[in-house]
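J.: Mind looking over this structure? Questions follow.
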Amino acid sequence: MRQVTLWIVILFSGWFSGSTSGQISPGDLAEVHMHLEGISNCTKCHTIGSKVTNEKCLDCHTEIKGRINQQLGYHASIRVRGKTCVSCHSDHHGRNFDIVHFQKDGFDHALTGYTLTGAHTKPTCTDCHKPANISDQKIRTKQFTYLGLTNRCLGCHEDYHQQTLSPTCSDCHGVDSFKPAVNFSHDKTRFPLTGRHQTVSCADCHKTVIRNGTAFQEFAGTNHQNCTSCHPDVHQNKFGQKCTDCHSTVSFRAITGMSGFDHSRTGFPLENKHAGLVCSSCHKGNLTDPVKHEKCTDCHTDYHEGDFMRQGAVRSCADCHTTKGFQGSSFTLGEHNQGPFILKGSHQATPCFVCHQKEDRWRFRGIGTVCSDCHQDIHFPHLSETYY
Numbered sequence: 000m001r002q003v004t005l006w007i008v009i010l011f012s013g014w015f016s017g018s019t020s021g022q023i024s025p026g027d028l029a030e031v032h033m034h035l036e037g038i039s040n041c042t043k044c045h046t047i048g049s050k051v052t053n054e055k056c057l058d059c060h061t062e063i064k065g066r067i068n069q070q071l072g073y074h075a076s077i078r079v080r081g082k083t084c085v086s087c088h089s090d091h092h093g094r095n096f097d098i099v100h101f102q103k104d105g106f107d108h109a110l111t112g113y114t115l116t117g118a119h120t121k122p123t124c125t126d127c128h129k130p131a132n133i134s135d136q137k138i139r140t141k142q143f144t145y146l147g148l149t150n151r152c153l154g155c156h157e158d159y160h161q162q163t164l165s166p167t168c169s170d171c172h173g174v175d176s177f178k179p180a181v182n183f184s185h186d187k188t189r190f191p192l193t194g195r196h197q198t199v200s201c202a203d204c205h206k207t208v209i210r211n212g213t214a215f216q217e218f219a220g221t222n223h224q225n226c227t228s229c230h231p232d233v234h235q236n237k238f239g240q241k242c243t244d245c246h247s248t249v250s251f252r253a254i255t256g257m258s259g260f261d262h263s264r265t266g267f268p269l270e271n272k273h274a275g276l277v278c279s280s281c282h283k284g285n286l287t288d289p290v291k292h293e294k295c296t297d298c299h300t301d302y303h304e305g306d307f308m309r310q311g312a313v314r315s316c317a318d319c320h321t322t323k324g325f326q327g328s329s330f331t332l333g334e335h336n337q338g339p340f341i342l343k344g345s346h347q348a349t350p351c352f353v354c355h356q357k358e359d360r361w362r363f364r365g366i367g368t369v370c371s372d373c374h375q376d377i378h379f380p381h382l383s384e385t386y387y
């Protein structure tokens, strides 16, 4: 029995120190390894006849093994690669020994595969390396660890956009601050900003609402199919919803593309002589300004100088004229005979200009009602005037 005990002492002394003068355990294990105390657990870390190997350590620390196998993280960096685990994390130095000890000040975070830049250089280690930011439940249960974080922004930061935009925050945001979104370009969206839209504040189109109990600015899903999604339709849908047929984003009053404009939709169809006019002939100011057009004299000079507006005989130009031109008249013999001078006999065949254009201008009022107003009285002074 005494011989067996001696062989055990010699055997384990060889494992730990290579000398028969060593102890079975050179000291207490650190607190994180205290569950491995006892002679029956030695081979969980030590290989018989050899020192502690990386393979034994990584059999237990699988999360680090996985990172090394993927060539990721600090333990796969050039500073650590090729070293043994015990060269940095030796044990048997007592319960309170800090088995994970390195200098935080001056630590080159780029060795982890994630370089700290911008606002990320300001927090302390524990601001980021905390259980709340670790998604792996197995790693989260550790008392403290630098493992378990991802390089995804949403691994540490709250998703302000509530899954309505890409989870790759760097598509829009930089590392110096969340606002402004320095990497964002509206040109990459389905609505590039042109003209006056370039000077509009984001908040004018993207409103902030309360969603899921928090402030939420709506960026995705903004309705922009038609201009009237944001702008009031001053034309009240007379011209449809495709504003770009006439307008551009330079200015609402800068009209473009009028070649295909259907003027009949304004309530004033352009016919005959009107159809050949340029817009500025009637629209003296901005094309969007309303133009009076209820009466012809709103645009045209009254050639008759108000003759047909006197004595209660208010008439429209359209009673005698058409848009084909002022020359000629649609005024009929029947309409003439409804007036004070009924055309009879030879008068019915007399051209209009004989009576109504005795001078340079046409006249239709006060041109006479007795024969001698037009005809020479060959009986004067022997007979009195004859009236109709």
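Numbering of the sequence shown is given in numbering that gives the first Met the number 0, commencing with residue 0 and proceeding in unit increments.
Positions of the beta carbon are idealized from the N, C-alpha and C atoms, including for glycine.
1) Contact defined as beta carbons within less than 8 Å: I believe His205 pairs with Gln197. What is the distance between those atoms, to the nearest angstrom?
2) Within the region 197-269, note down every full alpha helix (DSSP H) run reaching 4 residues or more, in order along the chain.
3) Taking the alpha helix (DSSP H) that Glu358 belongs to, which residues open and close that run?
4) Just how far apart, CA to CA, sit His32 and Gly26?
5) I think Asn388 touches Lys187, with their Cβ atoms under 8 Å apart; what is that distance to the nearest whole Å?
6) Between the Cα of His292 and the Cα atoms of Asp306, Pro268 and Asn285, which residue gives the shortest distance?
7) Buried or exposed: which applies to Tyr302, given that a residue is buried once 16 or more other Cβ atoms fall within 10 Å of its Cβ?
8) Could you give the C-beta distance for Tyr145 and His128, rounded to a whole number, given that I count them as a contact under 8 Å?
9) Return the CA-CA distance between Gly266 and Gly275, expressed in angstroms with no decimal places.
10) What number of angstroms, rounded off, separates the C-alpha of Ala253 from the C-alpha of Cys278?
11) Nearest to Lys82 by alpha carbon, out of Gln102, Phe106, Glu54 and Phe218?
12) Give me the Cα-Cα distance between Thr349 and Asn336, rounded to the nearest whole angstrom.
13) With distances taken Cα to Cα, identify the nearest neighbour of Phe190 among Cys168, Glu157, Asp318 and Asn225.
14) State yes or no: is the C-beta of His150 within less than 8 Å of the C-beta of Tyr113?
15) Whose C-beta lies closer than 7 Å to the C-beta of Val174 among residues of the same chain, with five residues either side of it excluded?
16) For Gly365 and Phe340, what's the separation of their Cα atoms in angstroms?
17) Helix, strand or coil, according to DSSP, for His394 in the structure here?
18) Between Cys152 and Cys168, how many whole angstroms is the CB-CB distance? I'm expecting something under 8 Å.
19) Measuring CA to CA, which of Gly105, Leu148 and Gly212 is closest to Arg66?
20) What is the DSSP secondary structure of His45, reduced to helix, strand or coil?
21) Please classify Thr207: is it buried, with 16 or more other beta-carbons within 10 angstroms of its beta-carbon, or exposed?
22) Between which residues of its own chain and Phe363 is the CB-CB distance below 8 Å, once the five residues before and five after are set aside?
23) Can you tell me the Cα-Cα spacing of Arg360 and His282, whole angstroms?
24) Do you know offhand how far Pro289's Cα is from Gln235's?
25) When the Cα atoms are used, what is the spatial distance from Glu334 to Thr255?
26) Keeping to the same chain, check which residues put their C-beta closer than 8 Å to that of Phe218; ignore five residues upstream and five downstream.
27) Do you know offhand how far Val97's Cα is from Ala29's?
28) Would you say Thr296 touches the ligand PLP, meaning its beta carbon is less than 7 Å from a heavy atom?
29) Please state if the CB of Val99 and the CB of Cys88 are separated by a distance shorter than 8 Å.
30) Assign Thr300 to buried or exposed, taking buried as 16 or more other Cβ atoms, counted over all protein chains shown, within 10 Å of its Cβ.
T.: Quick look at the numbers:
1) Not quite, the Cβ-Cβ distance comes to about 15 Å (not below 8 Å), so this is no contact.
2) 201-204
3) From DSSP, Glu358 is part of no alpha helix (DSSP H); its letter is neither H nor E.
4) 12 Å
5) Residue coverage of the chain in this structure runs from 0 to 387, which leaves residue 388 outside it and unanswerable.
6) Pro268
7) exposed
8) 5 Å
9) 18 Å
10) 13 Å
11) Glu54
12) 14 Å
13) Asn225
14) What sits at residue 150 in the sequence shown is Asn, not His. Yes, they are a contact pair.
15) Thr116, Gly117, Ala118 and His119
16) 11 Å
17) Residue coverage of the chain in this structure runs from 0 to 387, which leaves residue 394 outside it and unanswerable.
18) 4 Å
19) Leu148
20) strand
21) exposed
22) His303, Asp306, Phe307 and His355
23) 30 Å
24) 14 Å
25) 46 Å
26) His160, Thr163, Leu164 and His205
27) Sequence check: residue 97 is Asp here, not Val. Distance between the alpha carbons of Asp97 and Ala29: 7 Å.
28) Questions concerning the ligand PLP fall outside what the structure shown contains, since it holds no ligand whatsoever.
29) As written in the sequence, residue 88 is His, which differs from the Cys given in the question. Yes. Within cutoff.
30) exposed
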